[in-house]
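Chains as they are written, first to last, in my numbering: chain E, 1 to 114; chain X, 115 to 231.
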């Protein structure tokens with residue numbers, strides 16, 4: 001399977017714990033995006049990488065959130081001191097170098113904070 | 115600011131009926147791109163179509179067709195002869211011209227389509 005891969009698919013954590021999610025984009029894609037989707041809503045943009053550079057962060061991305069993309073390959077999204085409001089589906093997407101080509105999404109990581 | 119509105123939260127039809135999903139968008143950009151994605155219960159967003167703001171030609175792909183009308187800022191999606199496998203949440207999305215944010219998408223809230231046998 002050469003699509004976007006996310007790990008884990010599901011994560012249950014206690015409030016206050018740190019969690020980290022991983023995204024492996026399609027190998028030739030240099031653009032990588034993180035989105036958050038809550039129940040009954042559309043995905044909301046969190047952050048964007050072009051190669052290893054994080055070029056934009058949404059206001060949704062509080063100080064407790066950090067994302068990296070070392071060497072421009074896979075990416076990680078870490079949430080520190082999780083809160084119940086962080087419960088959501090976290091989606092990763094990648095797209096090719098050309099502007100405004102379609103983004104391909106992974107199956108997401110569903111986070112539940114208890 | 116960009117905004118996408120999908121006024122229909124849920125639609126329920128019987129198999130073989132035609133169904134149209136509405137999408138209205140707002141943007142100040144003259145160059146922009148519109149998308150439709152399908153999200154089945156598995157959760158993965160599946161790309162369906164991309165249109166740029168300069169191409170108002172309608173498009174048909176099998177049972178799917180799209181009607182882009184710049185004058186009304188709408189990009190509606192019609193499924194002809196719906197099937198049970200079409201049941202999913204459908205999202206309309208908008209991206210602005212490429213810039214520092216790459217091609218980030220602004221999504222509508224989605225329309226849950228249920229096709230009953």
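Every residue gets a Cβ at the ideal spot worked out from N, C-alpha and C, and that includes glycine. Remember, it's a predicted structure, so these values are computed and weren't measured experimentally.
(1) Please list the terminal residues of the continuous beta strand (DSSP E) segment that includes residue 116 of chain X.
(2) Return the chain-ordered ranges of every beta strand (DSSP E) run that is complete within the region 124 to 203 of chain X and spans a minimum of 3 residues.
(3) Quick one: grab the DSSP three-state call for residue 80 of chain E.
(4) For residue 210 of chain X, count neighbouring Cβ atoms within 10 angstroms of its own Cβ and tell me buried if that reaches 16, exposed if not.
(5) Taking the CB atoms as reference points, tell me whether residue 116 of chain X and residue 141 of chain X lie closer together than 7 Å.
(6) Quick one: what does DSSP say residue 14 of chain E is sitting in, helix, strand or coil?
(7) Using a Cβ cut-off of 7 Å, which residues of the region 43 to 56 of chain E contact any Cβ in chain X, in chain order?
(8) Considering only residues of the same chain and omitting the five flanking positions on each side of residue 182 of chain X, which have a CB-CB separation below 6 Å?
(9) Determine the DSSP secondary structure at residue 63 of chain E, reduced to helix, strand or coil.
(10) Are three or more beta carbon pairs between the region 42 to 57 of chain E and the region 4 to 16 of chain E nearer than 8 Å?
(11) Beta-carbon within less than 7 Å of residue 38 of chain E's beta-carbon, same chain only, minus the 5 sequence neighbours each way: which residues are those?
(12) Let me see if you follow: with CB-CB separation under 7 Å, is residue 164 of chain X close to chain E or not?
(13) In whole angstroms, what separates the C-alpha of residue 51 of chain E from that of residue 20 of chain E?
(14) Compute the distance between the beta-carbons of residue 126 of chain X and residue 228 of chain X, then report whether it is under 7 Å.
(15) Only counting the same chain, and skipping five residues up and downstream in sequence, which positions put a Cβ closer than 7 Å to that of residue 122 of chain X?
(16) Residues of the region 83 to 114 of chain E with a CB closer than 8 Å to any CB of chain X: list them in chain order, please.
(17) Closer than 7 Å by beta-carbon distance: list the chain X residues that pair up with residue 41 of chain E, in chain order.
(18) Could you check where the beta strand (DSSP E) with residue 7 of chain E kicks off and where it finishes?
Judging by the given coordinates:
(1) Careful: residue 116 of chain X lies outside any beta strand (DSSP E) and carries neither H nor E.
(2) Here the runs fully enclosed are 124 to 128, 133 to 135, 138 to 140, 146 to 153, 160 to 166, 173 to 175, 178 to 183, 188 to 193.
(3) Coil, per DSSP.
(4) Buried, since its Cβ has 16 or more Cβ neighbours within 10 Å.
(5) In this structure, residue 141 of chain X lies closer than 7 Å to residue 116 of chain X by Cβ.
(6) Three-state DSSP puts residue 14 of chain E in coil, outside helix and strand.
(7) Within the region 43 to 56 of chain E, the qualifying residues are 43, 45, 48, 50, 55, 56.
(8) Within the same chain, 165, 170, 189 come within 6 Å of residue 182 of chain X by CB-CB distance, once the 5 residues on both sides are set aside.
(9) Looking at residue 63 of chain E - three-state DSSP - the assignment turns out to be coil, as it is neither helix nor strand.
(10) Inter-segment contact for the region 42 to 57 of chain E and the region 4 to 16 of chain E is absent: fewer than three beta-carbon pairs are separated by less than 8 Å.
(11) If the five residues before and after residue 38 of chain E are omitted, its C-beta is found closer than 7 Å to the C-beta atoms of 88, all from its own chain and listed in chain order.
(12) So, interface residue.
(13) Those two C-alpha atoms are separated by around 20 Å.
(14) Taking a C-beta distance under 7 Å as the contact criterion, residue 126 of chain X and residue 228 of chain X qualify as a contact pair.
(15) Closer than 7 Å at Cβ, skipping near neighbours: 135, 136, 225.
(16) Look at the region 83 to 114 of chain E: the residues with a C-beta under 8 Å from a C-beta of chain X are 89, 91, 93, 95, 99, 100, 101, 102, 103, 104, 105, 106, 107, 108, 110.
(17) Correct list: 223.
(18) Segment 5 to 7, the beta strand (DSSP E) holding residue 7 of chain E.
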